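For reference, the structure discussed in these notes is given below.
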Amino acid sequence: MSTKLIKDKTVSTRVTADISERAKNNLAKQGLTISEYIRLSLVKAANNEVRLVSFLDSTEALAAKREAETGQVKTIGTLSDFDNWIDKLDEN
């Protein structure tokens, strides 16, 4: 009886060429390929061994929140401007 696992599912994602290249270079320093890293990450996620990161608790997000709460913001457009910008993103 064979104990070899059949890997029959492909998972893909899209990132910029810059992100891909930097990730490849940094992972290579640790002896990993991007594919190996993603495979290991998915195994950890499947085994519930992943600690999720809340980007809303980052230093930058908390600083932005403090600025908004203390009125240290400036208006750069209207809600309509924002809606138009989102619509243009959806077109691409």
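Reminder that position 53 of the sequence shown reads as 45 in my numbering, one-by-one numbering, no gaps.
Using N, Cα and C, we set each Cβ at its ideal position, and we do this for glycine too.
Source: prediction; values computed, not measured.
Proximity below 7 Å, CB of residue i to CB of residue j
i, j, result
"L19", "Y29", "yes"
"I26", "K16", "yes"
Proximity winner among the options, relative to residue i (alpha-carbon distances)
i, options, result
"V65", "A56, D73, S72", "A56"
"K(-1)", "G23, K21, L34, V7", "L34"
"V3", "K(-4), S50, L24, L32", "L32"
"D49", "E41, R58, D10", "R58"
Limits of the alpha helix (DSSP H) - the one that residue i falls within
i, result
"D82", "71 to 83"
"N40", "Counting along the chain, N40 falls outside any alpha helix (DSSP H), and DSSP gives it neither H nor E."
"T(-5)", "Unbroken run through T(-5): none, as it is neither H nor E."
"R58", "51 to 61"
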